[in-house]
Ligand SMILES: NC(=O)CC[C@H](N)C(=O)O
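Okay, here's the thing in C-alpha cells:
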C-alpha cells in the first residue's frame, strides 16, 4: 500500500464500513424487498389471504412447527380469511423470516417443485416396498419382535422441506432404535471433542471387508474404521471418558436432539437390556481390543460398552432421523433450526467414511451402485445423505445377508436411478433436483 493510501486508510476520513444505522436500514430494505417479491408472486395467482400464504408455505414443504417461520404461521394464521394488500402482508411478515418466505413462494428452495419431488419419492418408496426378501435380526432377542412389514421413509432437504411416508397408516410415525446408525454420530462427536487426528490414532479409516462384528484389527492394531462395531466401541470410549456414563449419554442425546431439529430422541430400554444380556461378541471384541492396547488410557472397557449399547438403543423415527441425515447433508447445520451441530471438517470426514464403510461388507457394492454416504443399523434403520441436497431415513426391519435393510437398499438404488445423485452422476448427466 502506498504511504498516501495508508494515511487515508488510517485517518478515519473515509470509513470503509457503513455505520450501524446504515447497515440496519439496508437490511430492512432488503427484507422489505423479499416481502414484496413474495407478495407479488402470490398476488399474480389470485387474492392474497393469510390462509393462502400458509397453504403456499406448506406446499413448498415448510411445516407449521418450523421454528424459522413461527412469526409467519402465527401472523398469517390470525388473518387467515382476510384479503391482504402488499402493506398488510409486509407488516405481518417478520423481517428475519422474509428471505425464506420469498424463496418458498418463488420456488427457490432446494426442491423447487416440492409437490413433484414428493410424488417422485413416493413412487420410489412404494415400488421398493415390493422387495420382501430378508430376515429380521434376532441375535438381539428384542429386535426379533419388530413387525417385518413395517416400512417408512422420511425426507428433509437442506432447506428444511420435510415429509414422511408409511406403507401402512401407523408406519410413518413408528419408533425404532438406531442401532448402528449411531456410529456416524459418535464418530462425529469424538472428532468435535478431540479433533480427527487424535481420533484416528485409535481407529483407522479403511473398510474392513468383513462383517460388522468381526474380531479383527488393522496392521496398526486399531479397529479398521468407526462404522463397524470395533471402531464404534472405540469412538464411544473416546467421548468424555472421565465423566459418568449417565452424563456422557445425556451429552450424546443432546447432540441427537440438536441434529433431529430440536426433537428429543427416546430410549428403548427393552432393547438395551436385551442387547446387554446377549453381548458376548461385543464383550469379546472389547477384551480383544483391550489386549491390543486399543482403548485410550482413561477409558474403562465396561463403561465404554455400556455407553455403546445405550447409544444403539436411542429411539427415533424417520422424521427425526431424516433431519439428522439432512444436518450432515447441510455441512453440519441443522436445516430446520439453523444450529451448527458439527463443524464442516467433521462432516466431511464422517461422510467420507459413510461412503466407504457405512454398509459393512456391502459398502463397496453400495458405493458402486448408489454412490452416496449412508449408514444402516440392524434394527432396519438406514440414513442416506445426499450432500448439499437432502437427507433420507428409511425404516424396514428385514435385512439382507450383510445386515443391511433390504427395502432401504432397494429404495437407495431407485433413488439414484430417478435423481442424478450418485457421486459420479454429474459425469453422465446434468446435476439438479429434476
Ligand atoms: N449392525 C448393527 O446395527 C450392530 C449394532 C448392535 N447394537 C451390535 O452391536 O451388534
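Residue numbers (the UniProt record's numbering): 1 to 434. Beta carbons are placed, not taken as given, at the ideal position from N, Cα and C, and that holds for glycine. These numbers come from a predicted model, not from an experiment.
- Not one heavy atom of ligand 1 sits closer than 7 angstroms to the Cβ of residue 203.
- Taking the C-beta atoms as reference points, residue 165 is found no nearer than 8 angstroms to residue 175.
- Residue 272 holds the alpha-carbon nearest to the alpha-carbon of residue 309 among 272, 127, 29.
- Cβ contact annotation for residue 311 (same chain, cutoff 7 angstroms, sequence separation greater than five): 182, 186, 236, 252, in chain order.
- Here DSSP, grouped into helix, strand and coil, assigns residue 359 to coil.
- Distance from residue 223 to residue 230 at the Cβ level is roughly 4 angstroms; contact confirmed, criterion being Cβ atoms closer than 8 angstroms.
- Secondary structure remark: continuous alpha helix (DSSP H) runs of at least 4 residues inside the stretch 266 to 329, in chain order: 269 to 276, 280 to 291, 301 to 312, 318 to 329.
- Excluding five sequence positions before and after residue 247, the CB atoms of its chain that fall closer than 8 angstroms to its own CB belong to 240, given in chain order.
- Residue 23 is classed as exposed because its beta carbon has fewer than 16 other beta carbons within 10 Å across all chains shown.
- The alpha-carbon of residue 294 is positioned some 27 angstroms away from that of residue 404.
- Below 8 angstroms, too few C-beta pairs join the stretch 78 to 95 and the stretch 106 to 118 to call them touching: fewer than three.
- Residue pairing by DSSP places residue 395 opposite 152, 381 in a beta bridge.
- The DSSP-derived three-state label of residue 116 is helix.
- Between the stretch 347 to 361 and the stretch 281 to 300 there are fewer than three inter-stretch CB-CB distances shorter than 8 angstroms, so the stretches are not counted as touching.
- In this structure, ligand 1 has no non-hydrogen atom nearer than 7 angstroms to the beta-carbon of residue 269.
- Take residue 63, set aside five residues on each side of it, and the residues of its chain with a beta-carbon closer than 8 angstroms to its own are 162, in chain order.
- Here the C-alpha atom of residue 44 lies approximately 19 angstroms from the C-alpha atom of residue 99.
- Residue 332 carries a coil assignment under DSSP once its states are collapsed to helix, strand and coil.
- Those residues placing their Cβ nearer than 6 angstroms to any heavy atom of ligand 1 are, following chain order, 179, 180, 212, 213, 229, 275, 282, 312, 377, 378, 403.
- Look at the beta carbons and you see the stretch 69 to 88 not touching the stretch 121 to 139: under three pairs across the two are nearer than 8 angstroms.
- Linking residue 91 to residue 31 through their CA atoms gives a straight-line distance of about 11 angstroms.
- In this structure, the CA atom of residue 212 is about 36 angstroms from the CA atom of residue 430.
- The C-alpha of residue 275 is placed about 8 angstroms away from the C-alpha of residue 141.
- Annotated as distal: residue 409 and residue 329, with beta-carbon spacing of 8 angstroms or more.
- The way I'd put it, the stretch 377 to 391 does touch the stretch 315 to 328; three or more beta-carbon pairs between them come closer than 8 angstroms.
- Here residue 132 is exposed: its Cβ has fewer than 16 other Cβ atoms, across all protein chains shown, within 10 Å.
- With respect to the 8 angstroms criterion, residue 48 and residue 83 are classified as neighbours on the basis of their beta carbons.
- Exclusion of the five residues before and after residue 134 leaves 398, 399, 400, 406 as the residues of its chain whose Cβ lies within less than 6 angstroms of its Cβ.
- When 427, 373, 377 are compared, the shortest CA-CA separation from residue 413 is found for 373.
- Nearest C-alpha to residue 189 among 332, 29, 67: 332.
- For residue 165, the enclosing beta strand (DSSP E) begins and ends at 162 to 166.
- Residue 374: member of the beta strand (DSSP E) spanning 374 to 376, first to last residue.
- If you compare the alpha carbons of 170, 46, 227 with that of residue 180, the shortest gap goes to 227.
- Scanning its chain for C-beta atoms nearer than 6 angstroms, with the 5 sequence neighbours on each side dropped, one finds around residue 301 the residues 286, 290, in chain order.
- Within the stretch 28 to 74, the alpha helix (DSSP H) runs of at least 4 residues that lie entirely inside it are, in chain order, 50 to 59.
- For residue 249, the enclosing alpha helix (DSSP H) has its first and last residue at 245 to 259.
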